[in-house]
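J.:
Chains as they are written, first to last, in my numbering: chain A, 59 to 172; chain B, 64 to 175.
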């Protein structure tokens with residue numbers, strides 16, 4: 059009965075590699091998000107998708123490419139990984155993209171770039 | 064864009080005491096203010112939220128107050144318990160299609 063799920067939970071890789079993180083929600087929500095939480099616990103929005111369409115891109119390097127095959131899934135692909143990409147990445151979803159919509163977070167993916 | 068400041072960064076209390084975490088925001092147009100709790104190694108979870116047309120909201124031992132004039136809002140936890148130990152984040156968002164801007168978090172430690 060998991061609401062928002064992510065895979066993998068942990069990801070350890072070398073600099074320069076390309077990796078993907080997957081996210082799925084079974085809440086029937088229209089809007090999904092990717093957040094990055096750095097080592098100091100700061101949570102920052104990266105992307106927001108509403109019904110498969112990109113609505114927010116918060117000046118994230120173009121090495122990061124989100125893809126939404128349908129409104130229940132939002133994947134994050136990262137090219138040419140750098141040390142500074144090491145963080146916990148959280149997917150979230152909300153009923154819609156309105157400012158009052160409560161956001162529900164996935165369990166996070168801890169990415170470590172060596 | 065919106066900027067949210069959160070204080071203190073760490074807060075240690077004894078079980079049974081009250082805890083207060085304060086946030087200020089920069090954009091007077093912000094009108095929704097949720098609070099999230101993140102236990103160690105877990106996901107952030109929404110614990111309470113408040114809209115700009117409400118001054119105070121309470122849910123059992125937690126309450127949130129909002130002062131729109133001063134552009135600050137606070138989380139109050141009464142009768143703290145060890146399981147309240149976590150990092151708490153405040154956030155703010157504007158009308159329309161918008162995203163949450165988070166404060167930097169407060170680590171609350173409740174000692175038995």
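Just so you know, even glycine gets a beta-carbon here, dropped at the ideal spot from N, CA and C.
Would you call residue 83(A) buried or exposed, if buried means 16 or more other Cβ atoms sit within 10 Å of its Cβ?
T.: Locating residue 83(A) in the first chain gives position 25, where the first residue counts as 1. By the neighbour-count rule (16 or more Cβ atoms within 10 Å), residue 83(A) is buried.
J.: Can you check whether the CB of residue 164(B) is closer than 8 Å to the CB of residue 151(B)?
T.: By 1-based counting over the second chain, the position of residue 151(B) is 88. By 1-based counting over the second chain, the position of residue 164(B) is 101. No, the Cβ-Cβ distance between residue 151(B) and residue 164(B) is not below 8 Å.
J.: Would you decide whether residue 98(A) is buried or exposed? Buried here means 16 or more other CB atoms lie within 10 Å of its CB.
T.: Against the first chain, residue 98(A) aligns to sequence position 40. Flag for residue 98(A) reads exposed.
J.: Report the rounded CA-to-CA distance for residue 86(B) versus residue 137(B), giving the unit in angstroms.
T.: If you number the second chain from 1, residue 86(B) lands on position 23. If you number the second chain from 1, residue 137(B) lands on position 74. One C-alpha to the other measures close to 6 Å.
J.: Is the number of C-beta pairs between the region 154-170 of chain A and the region 60-72 of chain A that are closer than 8 Å three or more?
T.: yes
J.: Taking CB distances under 8 Å as the criterion, tell me whether residue 112(B) reaches chain A.
T.: Residue 112(B) sits at position 49 when you count from the first residue of the second chain. Yes, residue 112(B) lies at the interface with chain A (some Cβ there is under 8 Å from its Cβ).
J.: Using C-beta distances below 8 Å, list every residue in its chain close to residue 72(B), excluding the 5 sequence neighbours before and after it, in chain order.
T.: By 1-based counting over the second chain, the position of residue 72(B) is 9. Taken in chain order, the residues that qualify are 167, 168, 169 and 170.
J.: Should residue 127(B) go down as buried or exposed, given a rule of 16 or more other Cβ atoms within 10 Å for buried?
T.: Within the second chain, residue 127(B) is the residue found at index 64, counting from 1. The residue is buried, with at least 16 neighbouring Cβ atoms inside 10 Å.
J.: Just how far apart, CA to CA, sit residue 130(B) and residue 75(A)?
T.: Residue numbering aside, residue 130(B) sits at position 67 when the second chain is read from its first letter. Residue numbering aside, residue 75(A) sits at position 17 when the first chain is read from its first letter. Note on geometry: alpha-carbon atoms of residue 130(B) and residue 75(A) lie some 48 Å from one another.
J.: I'd like to confirm the pairing. Which residues does DSSP put opposite residue 90(A) in its beta bridges?
T.: As a first step, residue 90(A) must be located in the first chain, where it is residue number 32. The bridge partners DSSP lists for residue 90(A) are 107(A) and 151(A).
J.: With distances taken between CB atoms, is the gap from residue 135(A) to residue 126(A) smaller than 8 Å?
T.: Within the first chain, the letter at position 77 stands for residue 135(A). Within the first chain, the letter at position 68 stands for residue 126(A). No.
J.: Can you tell me whether residue 141(A) is helix, strand or coil according to DSSP?
T.: Counting from one through the first chain, the residue named residue 141(A) turns up at place 83. In the structure shown, residue 141(A) sits in a helix (DSSP, three-state: H, G or I).
J.: Can you grab the Cα-Cα spacing for the pair residue 148(A) / residue 93(A), in whole Å?
T.: Indexing the first chain from 1 puts residue 148(A) at position 90. Indexing the first chain from 1 puts residue 93(A) at position 35. C-alpha separation (whole angstroms): 5 Å.
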